[in-house]
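One structure is given here, and the rest of the page talks about it.
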Amino acid sequence: MAKSKLIKANEKIAEKVVGTFEKIEDTVVGGYTKIEDAFVDRYLTKDGESIEEAKERLKRESKTLK
């Protein structure tokens, strides 16, 4: 009985740790994405071009240079 209680407690702790890690990861990745979009919008877009279009153009240009 005591062993099963410990296992259940460890599983609850593991779930909370994983959940917290996922929240932190989502926040960091979301922040990076916002910064990336702002940079592309401010410095790399051409007239009338959306952020997504600029990213695609940059990917194509990068592939042609390699």
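In UniProt numbering, the protein residues as written are 1 to 66.
Ideal Cβ positions, reconstructed from N, Cα and C, are used throughout, including at glycine.
Exercise. Looking only at C-alpha atoms, which of G19, K23, F21 and K55 sits nearest to E36?
Worked result: For the residues G19, K23, F21 and K55, the minimum Cα distance to E36 belongs to K55.
Problem set entry | Closest Cα partner of V40 within the set E15, L65, L58 and G19 | L58
Problem set entry | Helix, strand or coil at G19 [DSSP, three-state] | helix
Exercise. Roughly how many angstroms separate the alpha carbons of D26 and E15, rounded to a whole number?
Worked result: 16 Å
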